[in-house]
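Enquirer: Chains as they are written, first to last, in the numbering used here: chain A, 1248 to 1493; chain B, 1248 to 1493.
There are 2 protein chains.
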Amino acid sequence: MVKLKCTVTYDGTNFSGYQIQPNKRTVQGTIETVLKKIHKGLEVKIVASGRTDAGVHAHEQVFHFVTKLNIPSANWKKALNSLLPDDIYIRKVEQVSADFHARYDVKRKEYRYKLLVDKEQDVFRRHYTYHVPMPLNKEAMEEAAKVFIGEHDFTSLCATNTSVVDKVRTIYKLSIIEDSNHEWVIQVIGSGFLYQMVRIIVGTLLDVGKGKLTPKDVTDIIEKKDRSYASQTAPPQGLTMWKVTY
Amino acid sequence: MVKLKCTVTYDGTNFSGYQIQPNKRTVQGTIETVLKKIHKGLEVKIVASGRTDAGVHAHEQVFHFVTKLNIPSANWKKALNSLLPDDIYIRKVEQVSADFHARYDVKRKEYRYKLLVDKEQDVFRRHYTYHVPMPLNKEAMEEAAKVFIGEHDFTSLCATNTSVVDKVRTIYKLSIIEDSNHEWVIQVIGSGFLYQMVRIIVGTLLDVGKGKLTPKDVTDIIEKKDRSYASQTAPPQGLTMWKVTY
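See below:
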């Protein structure tokens, strides 16, 4: 038996999220169907670093699986990509030791959220950015971003429909980069993230950018430990799982 | 009666091209449906600078129409965009004189064709680039590009299913720009273009880049005035109608 670690990129637009669901097109379901084909009908389960919601993308998501097929890693990449649809692409396949675990061994995760800050819409970026048609106060957003950095109980920034008990996480970096073409990238690196945490942080930063909240309000929101105090969850299409570090 | 000139951008991915066709989702059909709604059921025809094929995009396409509605131009933009789907966006609406014609008055057109020249695929650019997984000889392509510049009979570079008789056109500029992220942009500006001419030029340049043709062969291909001598038509998704000048 061999354990393989795969790095995969996908365009989340046409998926009902990462996790397998009956009668839905999901990333996990699509990959497991291909693996079943390669294993001549044998079911193969994959384990990812975490889920992504419908419409959320991955630049580099990681999953592992166990196989008894004796195929070199480079050929695995070719075999998978030749059977996968054009919105999923395997970047890398590496053999790992039997104790590697794509979820439990995560050291750090990076997400990026893209805003299109412009009066005008851009049809070509509608699936990959969140369009904000008004100007944003970047300085205020940067000040508020600092509040999230460090170890905090992120209960206020976590969707309520979750079974996770420990809501303490550490954010190492949270920065806002103004890119070319009216694009703002919110880059966040942390030890791990709660359900919809990045999108709720972004929604909260947006309210700061619009002047509806002050950076001081953000401190209060975290202290409340109550989801109802934070802002609306930002829409999925701006979010990309960028990198998983082990 | 007022004549309006509209500048429109669209993502061609989910359209069966620009021109209206029964039971197909087309750009023209979609815009005319919206105009009919605004005109309370009255049919309004639009006239564009030219057609684009299925999968081909527009950064700035231009069309005109005539209306008896008395609405300021700025409100026209809002009204149209609020009813159009999210893959079509009106950038500008201007009132023009009665003798303006979106097709006949074109002075110059610019198209851009994007290549993704990289061993690896990019799921996020699959609808907006043509993926070329091998290296290309850019110097040879640039030399070949020069051959197309100027006034020529472009019969060899035109799809055969066309009713156009005069196939003489002038190319003012044809350049290859190596962009960031493995993207090569082939920019072509001309007096006008024959059916699939840009995509056949790109296909021919690609064969030069791959070493299948020399720049000298390109001179011969033009002189033959026979489509069968030029290369395969490059796929639609790399092509964008960039700008129309009057």
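All C-beta atoms in this analysis are idealised placements derived from N, C-alpha and C, irrespective of residue type, glycine included.
Nearest CA to the CA of residue 1403 (chain B): which residue from B:1423, B:1477, B:1339?
Expert: For the purposes of this step, residue 1403 (chain B) is taken as the residue at position 156 of the second sequence. Measuring from the Cα of residue 1403 (chain B), the nearest candidate turns out to be B:1477.
Enquirer: Contact check, residue 1435 (chain A) vs residue 1418 (chain A) under 8 Å by CB: the rounded distance?
Expert: Locating residue 1435 (chain A) in the first sequence gives position 188, where the first residue counts as 1. Locating residue 1418 (chain A) in the first sequence gives position 171, where the first residue counts as 1. Between residue 1418 (chain A) and residue 1435 (chain A) the Cβ distance is about 6 Å, and since that is below 8 Å, they are a contact.
Enquirer: Roughly how many angstroms separate the alpha carbons of residue 1334 (chain A) and residue 1303 (chain B), rounded to a whole number?
Expert: By 1-based counting over the first sequence, the position of residue 1334 (chain A) is 87. By 1-based counting over the second sequence, the position of residue 1303 (chain B) is 56. In a straight line, the C-alpha of residue 1334 (chain A) is about 19 Å away from that of residue 1303 (chain B).
Enquirer: Only counting the same chain, and skipping five residues up and downstream in sequence, which positions put a Cβ closer than 8 Å to that of residue 1283 (chain A)?
Expert: For the purposes of this step, residue 1283 (chain A) is taken as the residue at position 36 of the first sequence. Excluding residues within five positions, the ones whose Cβ falls inside 8 Å are 1289, 1290, 1291.
Enquirer: Which of the residues in the segment 1257-1288 of chain A, read from start to end, lie with their CB under 7 Å from any CB of chain B?
Expert: 1257, 1258
Enquirer: Report the residue from A:1408, A:1386, A:1301, A:1443 whose alpha carbon sits nearest the alpha carbon of residue 1456 (chain A).
Expert: Taking the first residue of the first sequence as 1, we reach residue 1456 (chain A) at position 209. Residue 1456 (chain A) has its Cα closest to that of A:1386, out of A:1408, A:1386, A:1301, A:1443.
Enquirer: Go through its chain and collect everything with a Cβ distance to residue 1307 (chain B)'s Cβ below 8 Å, but skip five positions before and after it.
Expert: Position 60 of the second sequence, counted from the first residue, corresponds to residue 1307 (chain B). The residues are 1254, 1255, 1256, 1338, 1488, 1489, 1490, 1491.
Enquirer: Relative to the C-alpha of residue 1424 (chain A), which candidate in A:1298, A:1362, A:1270, A:1415 has its C-alpha closest?
Expert: Sequence index remark: in the first sequence, residue 1424 (chain A) carries index 177 (1-based). Comparing Cα positions, the closest option is A:1362.
Enquirer: Under 8 Å between beta-carbons, which chain B residues line up against residue 1518 (chain A)? List them in chain order, please.
Expert: For residue 1518 (chain A) there is no data in the structure shown, the boundaries of chain A being 1248 and 1493.
Enquirer: For residue 1325 (chain B), tell me which candidate among A:1296, A:1326, A:1298, A:1366 has the shortest Cα-Cα distance.
Expert: Residue mapping note: residue 1325 (chain B) aligns to position 78 of the second sequence, counting from 1. It is A:1366 whose Cα lies nearest to the Cα of residue 1325 (chain B).
Enquirer: In whole angstroms, what separates the C-alpha of residue 1396 (chain A) from that of residue 1373 (chain A)?
Expert: For the purposes of this step, residue 1396 (chain A) is identified with residue 149 of the first sequence, where counting begins at 1. For the purposes of this step, residue 1373 (chain A) is identified with residue 126 of the first sequence, where counting begins at 1. Whole-angstrom Cα-Cα distance: 29 Å.
Enquirer: Under 8 Å by Cβ, that's how I've got residue 1349 (chain A) and residue 1310 (chain A) pegged, so tell me the actual separation to the nearest angstrom.
Expert: Translated into the one-based positions of the first sequence, residue 1349 (chain A) becomes position 102. Translated into the one-based positions of the first sequence, residue 1310 (chain A) becomes position 63. Right, their Cβ atoms sit about 5 Å apart.
Enquirer: In the DSSP assignment, what residue or residues form a beta bridge with residue 1359 (chain B)?
Expert: Taking the first residue of the second sequence as position 1, residue 1359 (chain B) is located at position 112. For residue 1359 (chain B), which the question treats as bridged, DSSP gives the partners B:1434, B:1487.
Enquirer: Going by other Cβ atoms of all chains shown within 10 Å of its Cβ, with 16 needed for buried, is residue 1252 (chain B) buried or exposed?
Expert: Along the second sequence, one-based indexing puts residue 1252 (chain B) at 5. Per the 10 Å Cβ criterion, buried.
Enquirer: Which of the residues in the segment 1360-1386 of chain A, read from start to end, lie with their CB under 8 Å from any CB of chain B?
Expert: 1367, 1368, 1369, 1370, 1371, 1373, 1375
Enquirer: So which of B:1442, B:1266, B:1421 has the shortest CA-CA distance to residue 1411 (chain B)?
Expert: Position 164 of the second sequence holds residue 1411 (chain B). Checking every option, the nearest Cα to that of residue 1411 (chain B) belongs to B:1442.
Enquirer: Anything in the segment 1452-1481 of chain B with a Cβ closer than 7 Å to a Cβ of chain A? List those residues in chain order, please.
Expert: none
Enquirer: Which same chain residues, not among the five before or five after residue 1353 (chain B), have their C-beta less than 7 Å away from its C-beta?
Expert: By one-based count along the second sequence, residue 1353 (chain B) stands at place 106. Same-chain partners within the cutoff: 1296, 1439, 1491, 1493.
Enquirer: Check each candidate in B:1285, B:1452, B:1368 and name the one with the smallest Cα separation from residue 1480 (chain B).
Expert: Numbered from its first residue, the second sequence carries residue 1480 (chain B) at position 233. Checking every option, the nearest Cα to that of residue 1480 (chain B) belongs to B:1452.
Enquirer: Should residue 1281 (chain A) go down as buried or exposed, given a rule of 16 or more other Cβ atoms within 10 Å for buried?
Expert: Taking the first residue of the first sequence as 1, we reach residue 1281 (chain A) at position 34. Residue 1281 (chain A) is buried by the Cβ-count criterion.
Enquirer: Is there a Cβ of chain B sitting closer than 9 Å to that of residue 1322 (chain A), yes or no?
Expert: Walking along the first sequence from the start, residue 1322 (chain A) turns up at place 75. It does not; no Cβ of chain B falls within 9 Å.
Enquirer: With 9 Å set as the bound, which would you pick, yes or no: does the beta-carbon of residue 1328 (chain B) sit closer than that to a beta-carbon of chain A?
Expert: Walking along the second sequence from the start, residue 1328 (chain B) turns up at place 81. Yes, because at least one Cβ of chain A sits closer than 9 Å to the Cβ of residue 1328 (chain B).
Enquirer: Below 8 Å on the Cβ atoms is my guess for residue 1364 (chain B) versus residue 1462 (chain B); work out the distance and round it to an integer in Å.
Expert: Here residue 1364 (chain B) refers to the residue found at position 117 when the second sequence is read from its first residue. Here residue 1462 (chain B) refers to the residue found at position 215 when the second sequence is read from its first residue. Contact doesn't hold; Cβ gap of about 19 Å is too wide.
Enquirer: Report the residue from A:1399, A:1315, A:1266 whose alpha carbon sits nearest the alpha carbon of residue 1471 (chain A).
Expert: As a working note, residue 1471 (chain A) is residue 224 in the first sequence. Of the candidates A:1399, A:1315, A:1266, the one whose C-alpha sits nearest the C-alpha of residue 1471 (chain A) is A:1399.
Enquirer: What is the residue span of the alpha helix (DSSP H) that residue 1282 (chain B) lies within?
Expert: Residue numbering aside, residue 1282 (chain B) sits at position 35 when the second sequence is read from its first letter. Note, residue 1282 (chain B): alpha helix (DSSP H), 1274-1285.
Enquirer: Can you give me the Cβ contacts of residue 1482 (chain B) inside the same chain, cut-off strictly under 8 Å, excluding the 5 residues immediately before and after it?
Expert: As a working note, residue 1482 (chain B) is residue 235 in the second sequence. Same-chain partners within the cutoff: 1302, 1377, 1446.
Enquirer: Hey, out of B:1347, B:1322, B:1331, whose CA is closest to residue 1313 (chain B)'s CA?
Expert: For this step, residue 1313 (chain B) is matched to residue 66 along the second sequence. Each of B:1347, B:1322, B:1331 was checked against the Cα of residue 1313 (chain B), and the nearest Cα belongs to B:1347.
Enquirer: Could you tell me the boundaries of the beta strand (DSSP E) in which residue 1439 (chain A) lies?
Expert: As a working mapping, residue 1439 (chain A) is identified with position 192 in the first sequence. Where residue 1439 (chain A) is concerned, there is no enclosing beta strand (DSSP E), given that its DSSP letter is neither H nor E.
Enquirer: Counting only Cβ-Cβ distances shorter than 8 Å, please list the residues of the segment 1336-1351 of chain B near chain A, keeping chain order.
Expert: 1336, 1338
Enquirer: To the nearest angstrom, how far is the alpha carbon of residue 1389 (chain A) from that of residue 1262 (chain B)?
Expert: Within the first sequence, residue 1389 (chain A) is the residue found at index 142, counting from 1. Within the second sequence, residue 1262 (chain B) is the residue found at index 15, counting from 1. Looking at the two C-alpha atoms, the distance is approximately 41 Å.
Enquirer: Taking the alpha helix (DSSP H) that residue 1327 (chain A) belongs to, which residues open and close that run?
Expert: Walking along the first sequence from the start, residue 1327 (chain A) turns up at place 80. Per DSSP, residue 1327 (chain A) belongs to the alpha helix (DSSP H) from 1320-1330.
Enquirer: Nearest by alpha-carbon distance to residue 1328 (chain A): which of B:1413, B:1327, B:1370, B:1416 is it?
Expert: Sequence index remark: in the first sequence, residue 1328 (chain A) carries index 81 (1-based). Measuring from the Cα of residue 1328 (chain A), the nearest candidate turns out to be B:1370.
Enquirer: Apart from the five residues just before and just after residue 1298 (chain B), which ones in its own chain have a Cβ nearer than 7 Å to its Cβ?
Expert: The residue labelled residue 1298 (chain B) in the question sits at position 51 within the second sequence. Once the five neighbours on either side are set aside, the close Cβ partners of residue 1298 (chain B) are 1264, 1265, 1266.
Enquirer: Cβ of residue 1304 (chain A) less than 9 Å from any chain B Cβ?
Expert: Mapped onto the first sequence, residue 1304 (chain A) falls at position 57. So yes, residue 1304 (chain A) belongs to the interface.
Enquirer: Look at the alpha carbon of residue 1429 (chain B) and the alpha carbon of residue 1384 (chain A), and state the distance between them as a whole number of angstroms.
Expert: One-based indexing of the second sequence puts residue 1429 (chain B) at position 182. One-based indexing of the first sequence puts residue 1384 (chain A) at position 137. Roughly 33 Å separates the two Cα atoms.
Enquirer: Could you tell me which residues DSSP pairs with residue 1310 (chain A) in its beta bridges?
Expert: To locate residue 1310 (chain A), count along the first sequence from 1; it is residue 63. DSSP, once it has assigned bridges, lists A:1253, A:1295 as partnering residue 1310 (chain A).
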